[in-house]
Amino acid sequence: LFRQSLFLGLVMKEAQREYRQGDFLIRNILGVDESRESLVVGALLREGQVVQFHLRDARTSSEDLNAMLIRFKTEHLSDVPPAGALLFSCLGRGAQLYGEPNHDSRVFRRFVGEVPLGGFFCNGEIGPVHGQTYLHGYTSSFGIFRSTVK
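In the working numbering, the protein residues as written are 1 to 150.
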């Protein structure tokens with residue numbers, strides 16, 4: 001489990017002292033530098049920066065997707081329904097992670113409805129964390145299209 005699912009999370013708000021799901025930018029652990037007795041991480045770290053180990057698993061991943069779509073539905077779907085959506089999902093998700101195909105698109109439809117949905121599998125997905133855009137791994141990113149609210 002650790003060999004394939006261990007990651008390092010970088011806290012996104014420097015002054016924050018209590019951390020919850022979604023407060024970290026997750027990065028790959030690429031290996032170990034034995035000569036320096038250190039981890040090699042897919043990010044630039046600063047001395048004193050708060051980091052936390054994370055494990056990727058199907059249950060937590062599904063809970064996170066559900067929570068984000070519940071929040072989207074609550075905050076954005078009461079006025080104008082979506083006209084369509086795009087789903088960009090990591091190759092490491094889907095049946096490989098969940099043991100069944102179409103997990104993310106099925107969860108999306110449960111919360112957002114039967115809107116036209118297109119997309120593809122990726123090896124890196126673009127999305128925001130605390131208002132900044134990053135390249136992610138092992139994620140799904142949605143682009144949702146709606147008419148402007150007048």
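All C-beta atoms in this analysis are idealised placements derived from N, C-alpha and C, irrespective of residue type, glycine included.
Within the same chain, V32 come within 8 Å of S38 by CB-CB distance, once the 5 residues on both sides are set aside. Short of 7 Å from the beta carbon of S5, and not among the five residues preceding or following it, lie these beta carbons of its own chain, in chain order: L55, R56, D57. When the five nearest sequence neighbours on each side are left out, the beta carbons in the same chain lying within less than 7 Å of the beta carbon of G92 are those of Y138, in order along the chain. In the structure shown, V112 falls within a helical segment according to DSSP collapsed to helix, strand and coil. Following the DSSP letters along the chain, one finds R59 inside the alpha helix (DSSP H) bounded by residues 58-76. Note on geometry: alpha-carbon atoms of R106 and R46 lie some 39 Å from one another.
A Cβ-Cβ contact shorter than 8 Å links S140 with F88.
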